[in-house]
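Enquirer: Protein chains in written order, with our numbering: chain A, 211 to 570; chain B, 2 to 474.
Where is the CB? At the ideal position from N, CA and C, for every residue including glycine.
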Amino acid sequence: MDSSTLFGIATIGYILAMVTYIVYIAFRNKTIGVIASTITIVSFIAQTGAFFMRWYEGYIMGLRSLWHPPISNLYESIIFFVWCLILGYLIIEIKYKNRSFGAFVTPIAGLALAFIEMTGMSKEIEPLVPALQSNWLLAHVTMSFISYALFGLSFATALMYLIEKTEKKTEPAYIFWSCSLGILIVLLVAMTMDYLEFHVAATTSENIKNYLFKATFKSANSTVALLSWIGAFGIIALVWALGHHLKRVISALNVTPEILDELTYKTVAIGFPIFTLGGLIFGAIWADQAWGVYWSWDPKETWSLITWFVYAFFLHARLMRGWRGKRAAIVSVIGFVAVVFTYLGVNLLLSGLHSYGSLS
Amino acid sequence: MAEKEKSFVDRIWDFFASVKLAIVLFSLIALTSIIGTVIEQNASPEKNIIVLKRLIGENLAPTVYRILDTLGFMDMYHSWWFVTLLVLFAMNLIICSLERLPRIWNLIREPVKPLNPERVPAFPIRKEIVIRQSPETVKETLIQSVRHLGFKPMNSPLEDGGYQLYAQKGNWSRLGVYITHLSIIMIMIGAVIGIFFGFNGFLNLPEGYTSDVAYSRKDSKPHPLGFSIRCDDFDVEFYGMSDMPKDYRSWLTVFKDGKEVMRKMIEVNNPLKFEGYTFYQSSYGMLSTGRGFFIFKLKGPDGKTETITKVMGESFTIPGTNIKGTIKKFSPALAISQDGKTYTYAQMMNNPAVYIEFTENGKPKYSGWILRRYPRTWRLPDGSIVQFIDYWGVQYTGLQVRKDPGVWIVYLGCIVMAIGLYMAFFMSHKRIWLIASKAKEGTLIRILATANKNRAGFERKVETLVSNLNREV
Chain A
211 MDSSTLFGIA TIGYILAMVT YIVYIAFRNK TIGVIASTIT IVSFIAQTGA FFMRWYEGYI
271 MGLRSLWHPP ISNLYESIIF FVWCLILGYL IIEIKYKNRS FGAFVTPIAG LALAFIEMTG
331 MSKEIEPLVP ALQSNWLLAH VTMSFISYAL FGLSFATALM YLIEKTEKKT EPAYIFWSCS
391 LGILIVLLVA MTMDYLEFHV AATTSENIKN YLFKATFKSA NSTVALLSWI GAFGIIALVW
451 ALGHHLKRVI SALNVTPEIL DELTYKTVAI GFPIFTLGGL IFGAIWADQA WGVYWSWDPK
511 ETWSLITWFV YAFFLHARLM RGWRGKRAAI VSVIGFVAVV FTYLGVNLLL SGLHSYGSLS
Chain B
2 MAEKEKSFVD RIWDFFASVK LAIVLFSLIA LTSIIGTVIE QNASPEKNII VLKRLIGENL
62 APTVYRILDT LGFMDMYHSW WFVTLLVLFA MNLIICSLER LPRIWNLIRE PVKPLNPERV
122 PAFPIRKEIV IRQSPETVKE TLIQSVRHLG FKPMNSPLED GGYQLYAQKG NWSRLGVYIT
182 HLSIIMIMIG AVIGIFFGFN GFLNLPEGYT SDVAYSRKDS KPHPLGFSIR CDDFDVEFYG
242 MSDMPKDYRS WLTVFKDGKE VMRKMIEVNN PLKFEGYTFY QSSYGMLSTG RGFFIFKLKG
302 PDGKTETITK VMGESFTIPG TNIKGTIKKF SPALAISQDG KTYTYAQMMN NPAVYIEFTE
362 NGKPKYSGWI LRRYPRTWRL PDGSIVQFID YWGVQYTGLQ VRKDPGVWIV YLGCIVMAIG
422 LYMAFFMSHK RIWLIASKAK EGTLIRILAT ANKNRAGFER KVETLVSNLN REV
């Protein structure tokens with residue numbers, strides 16, 4: 211067995227866990243919950259094994275030294291992000307003896323893994339180009355993804371908090387969370403359709419590498435594309451219309467808003483220093499070592515700074531101006547959107563010095 | 002009049018000390034920064050007009066471009082208004098820290114005092130236990146258990162023969178926020194020093210050449226270094242036989258007042274530093290007018306070796322034989338097509354090859370390509386070896402030349418920030434009081450504690466202390 215088989219098992223496992231967790235919170239059946247946790251733990255162990263195997267494979271292929279763990283291209287970094295996210299989630303599940311977070315955390319992992327498949331990014335073990343052979347870079351990447359995973363957890367708990375705490379459908383916070391959750395669901399559905407059309411049905415014979423949203427929004431057929439947009443707005447409207455049921459589901463799960471609020475704060479409070487040190491400072495030191503410029507306002511750097519400001523906003527608003535509850539939760543959700551943009555949006559939509567993460 | 006002026010200054014002060022301003026500035030800097038990531042900075046106008054056309058349509062794009070250009074968005078991170086935002090941010094940071102520091106300083110310096118046992122304040126963490134032994138007999142156990150939590154307790158006797166143990170720790174951690182603020186100011190100061198007193202330039206240095214200037218990135222003007230630097234050699238290392246570069250390396254020598262003072266091989270993550278200037282490996286290229294030297298290491302059939310340097314068209318003799326080789330052709334990147342023809346596939350030295358014709362006593366013997374990266378092509382049919390070491394003098398190394406007298410302040414700021422963040426987020430100011438007073442059946446122990454952060458964590462520790470006490474006495 212090689213690392214890619216094991217990664218494949220972990221990926222299927224996480225997607226399965228996501229479905230099981232969602233079924234679990236819908237029916238609140240304890241057995242289903244135990245199954246969901248078991249699948250997650252088994253997948254996590256498989257992924258851990260795959261990570262070390264890939265590390266070793268790169269080493270025996272002579273492409274990298276033993277000091278370079280496999281976290282150097284977009285594929286490897288997403289895998290590592292998922293690993294950190296699931297680890298953080300499992301810690302919370304065990305510590306708080308509550309499985310309901312799973313239904314909100316595993317979809318983030320599912321989206322990340324689906325993104326790998328849909329964009330057809332390279333999964334090869336690649337040699338390290340000269341600029342990437344740096345220990346500062348290693349520390350930078352590792353710590354960045356640990357903090358991203360923590361921010362991902364705070365996103366999930368903030369969303370749950372908003373669901374539990376909002377009353378009226380006209381309330382801005384309600385509209386905010388229902389739109390956010392709606393978009394998340396739209397992305398999941400769109401990627402599932404991509405998967406069905408290009409992997410399972412495989413109607414086209416041509417070899418399309420990147421088929422992200424090609425079955426829906428970016429379809430060659432303009433009617434399909436238009437229907438997709440209508441469908442997307444329909445899903446968001448549906449989430450808005452039926453969101454109050456979700457509130458009942460979460461309230462029945464024994465997670466108090468206080469725990470959610472505390473978790474949102476705690477994950478940011480741990481993630482922020484790690485992000486500042488690893489993401490910003492170590493990144494700057496690496497850039498200084500490699501190019502002689504510690505800060506050049508390139509899009510990736512600027513977006514990390516934007517992310518940093520959003521979380522600085524969160525902490526100052528909360529600690530100094532007593533923003534708690536809904537307002538803080540909204541900022542935390544926005545923070546994670548900034549993280550995702552820093553991580554993927556810059557690579558997909560903007561260009562920069564960071565050529566290592568490109569999709570081509 | 003004077004009083005009115007003072008109130009104005011006060012108003013300004015209050016304005017800059019407010020967290021509201023901080024939050025507004027966070028939002029403004031973050032939001033405006035987004036624009037600069039969409040519009041390519043310092044790019045040619047055409048590029049950004051194309052981007053704008055895509056975003057807002059053909060007709061509006063040129064007008065919007067002109068407006069954005071006037072407002073400095075084409076180099077927005079150096080525009081007057083963005084710099085103003087950063088200055089406001091710095092002032093806000095300094096003044097809000099100065100405003101709060103005295104109060105925090107008092108909190109830090111304030112020693113922990115015993116409580117009035119009659120009127121115990123409502124602390125967030127409160128526990129009570131009653132034990133059968135007298136206060137005196139459990140005293141040592143109590144002191145040990147508080148020590149176990151990392152406190153150094155002080156002792157004050159109570160009137161009824163009981164006593165009170167009290168301690169605090171982590172009071173300095175309250176400074177964490179201000180240390181973090183200070184570090185941001187340090188980084189900004191370092192950056193400003195770098196902008197005003199630094200130098201950012203480049204130097205393309207051909208193999209074998211020496212330069213005592215570098216060229217400014219801004220206007221390409223020569224900038225005297227005060228010493229000279231020579232490129233002895235440049236080389237690209239590849240992964241195996243692929244064209245994937247593994248390392249770019251330049252061998253440099255520094256001369257000061259005509260004397261050699263330093264020699265170093267630099268790589269991408271490993272620059273050369275001399276007298277405040279740092280030379281980074283940033284690019285490389287081929288000289289268009291390059292006429293270089295072929296360096297061969299020859300080994301005759303009898304094992305005698307010799308290293309020679311020749312130019313195109315010149316000849317050499319293999320030691321111990323009458324075989325003469327003449328350099329006829331050169332290719333920086335030789336490839337063979339499917340029908341067996343050779344061609345050059347790149348302009349860089351990806352696969353340098355030299356075509357040599359060998360004759361013995363004037364008669365043609367054999368001829369062919371010798372490839373630097375393929376040792377089996379070095380071997381001649383008679384067993385002698387022509388190792389192609391380098392085609393020297395045709396490449397230049399592209400060096401990034403930086404002088405940044407502020408960078409050490411930036412680094413220092415980074416270290417200070419790491420310390421500050423650690424104190425601010427992972428340490429807390431904890432205080433604890435144990436009041437042991439005489440009760441009918443023995444001793445009533447009241448435990449009161451506070452922590453300014455992670456109270457739940459501290460509470461769990463206090464609970465462990467209580468359960469340990471219950472077990473031990």
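How would you label ALA18/B, buried or exposed, when you count the other beta carbons within 10 angstroms and need 16 or more for buried?
Expert: buried
Enquirer: Out of HIS454/A, ILE281/A, TYR553/A, point me to the one whose CA is closest to LEU342/A's CA.
Expert: ILE281/A
Enquirer: Rounded to the nearest angstrom, how far is the Cβ of ILE249/A from that of GLY223/A, given a contact under 8 angstroms?
Expert: 5 angstroms
Enquirer: Taking 7 angstroms as the threshold (beta carbon to beta carbon), is ARG534/A in contact with chain B?
Expert: no
Enquirer: Distance, Cα to Cα, PHE280/B vs THR477/A?
Expert: Each residue's alpha carbon lies about 41 angstroms from the other.
Enquirer: Enumerate in chain order the residues of its own chain whose CB-to-CB distance from SER247/A is below 7 angstroms, with the five nearest sequence positions on each side excluded.
Expert: GLU303, ARG309
Enquirer: For a contact defined as C-beta to C-beta under 9 angstroms, what are the partners of GLY571/A on chain B?
Expert: Residue numbering for chain A in the displayed model covers 211 to 570; residue 571/A lies beyond these limits and cannot be assessed.
Enquirer: Please name the residue or residues paired with ASN205/B in a DSSP beta bridge.
Expert: GLY399/B
Enquirer: Whose C-beta lies closer than 7 angstroms to the C-beta of ALA571/A among residues of the same chain, with five residues either side of it excluded?
Expert: Coverage of chain A is limited to positions 211 through 570, which leaves residue 571/A absent and any answer about it impossible.
Enquirer: What three-state label does DSSP hand VAL362/B in the structure shown?
Expert: Per the sequence presented here, residue 362/B reads as Asn, with Val not at that position. Looking at ASN362/B - three-state DSSP - the assignment turns out to be coil, as it is neither helix nor strand.
Enquirer: Could you run through the segment 263 to 274 of chain A and flag, in chain order, every residue whose CB is less than 8 angstroms away from some CB of chain B?
Expert: Answer set for the segment 263 to 274 of chain A: GLY272, LEU273.
Enquirer: Per DSSP, what kind of secondary structure is VAL147/B in: helix, strand or coil?
Expert: VAL147/B: helix per DSSP, three-state reduction.
Enquirer: List, in order along the chain, the chain B residues whose C-beta lies closer than 9 angstroms to that of THR486/A?
Expert: Using a Cβ-Cβ cut-off of 9 angstroms, THR486/A is close to THR181, MET418, ALA419, LEU422 of chain B, given in chain order.
Enquirer: For TRP434/B, report the span of its beta strand (DSSP E) as first-last.
Expert: Annotation: the continuous beta strand (DSSP E) that includes TRP434/B extends over 431 to 439.
Enquirer: Can you confirm whether ALA522/A, when its beta carbon is compared against all beta carbons of chain B, has any partner nearer than 7 angstroms?
Expert: yes
Enquirer: Compute the distance between the beta-carbons of PHE359/B and ILE371/B, then report whether it is under 7 angstroms.
Expert: no
Enquirer: Please classify SER28/B: is it buried, with 16 or more other beta-carbons within 10 angstroms of its beta-carbon, or exposed?
Expert: exposed
Enquirer: I'd like to know if HIS526/A contacts chain C, where contact means its C-beta is closer than 7 angstroms to some C-beta of that chain.
Expert: Of the protein chains in the structure, A and B, none is chain C.
Enquirer: So what does DSSP say about ALA452/B, is it helix, strand or coil?
Expert: strand
Enquirer: Would you list, in chain order, the members of the segment 456 to 475 of chain A that have their beta-carbon closer than 7 angstroms to a beta-carbon of chain B?
Expert: none
Enquirer: How about ASP248/B: is its C-beta nearer than 7 angstroms to some C-beta of chain A?
Expert: A Cβ of chain A is located within less than 7 angstroms of the beta carbon of ASP248/B.
Enquirer: Please state the DSSP three-state secondary structure of VAL396/A.
Expert: Helix.
Enquirer: Give the residues of chain A in contact with ALA23/B, contact being defined as C-beta atoms less than 9 angstroms apart.
Expert: ALA522, PHE523, HIS526, MET530
Enquirer: Mind checking which residues open and close the alpha helix (DSSP H) that includes ALA23/B?
Expert: Run containing ALA23/B: 20 to 39, per the alpha helix (DSSP H) assignment.
Enquirer: Given a threshold of 16 other Cβ atoms within 10 Å of its Cβ, counted over all protein chains shown, does ASP404/A qualify as buried or as exposed?
Expert: buried
Enquirer: By the DSSP assignment, the beta strand (DSSP E) with ILE324/B in it spans what residues?
Expert: 324 to 332
Enquirer: Count the other C-beta atoms from every protein chain shown that fall within 10 angstroms of the C-beta of GLN339/B, then say buried if there are 16 or more, exposed otherwise.
Expert: Exposed, since its Cβ has fewer than 16 Cβ neighbours within 10 Å.
Enquirer: What did DSSP end up calling ARG127/B once you bin it into helix, strand or coil?
Expert: Three-state DSSP puts ARG127/B in a strand.
Enquirer: Helix, strand or coil for LYS7/B? Go by DSSP, reduced to three states.
Expert: helix
Enquirer: For VAL459/A, collect the residues of the same chain with a Cβ closer than 6 angstroms to its Cβ; drop the 5 residues on either side in sequence, then sort them by chain order.
Expert: Shown here for VAL459/A: same chain residues with a beta carbon closer than 6 angstroms to its own, the five before and five after excluded, namely ILE235 in chain order.
Enquirer: Measure the C-alpha to C-alpha separation of ASP11/B and LEU99/B and round it to an integer number of angstroms.
Expert: 14 angstroms
Enquirer: Decide if GLN262/B is buried, meaning its Cβ has at least 16 other Cβ atoms within 10 Å, or exposed.
Expert: Note that residue 262/B is Val in the sequence shown here, rather than Gln. Its Cβ having fewer than 16 others within 10 Å, VAL262/B is exposed.
Enquirer: Name the residue from VAL20/B, ALA425/B, GLY209/B, SER184/B whose alpha carbon lies nearest to the alpha carbon of THR398/B.
Expert: GLY209/B
Enquirer: Within 10 Å of its beta-carbon, does LYS454/B have 16 or more other beta-carbons around it, so buried, or fewer, so exposed?
Expert: buried
Enquirer: Which of the three DSSP states, helix, strand or coil, is assigned to SER247/A?
Expert: helix
Enquirer: In whole angstroms, what separates the C-alpha of VAL312/B from that of MET350/B?
Expert: 17 angstroms
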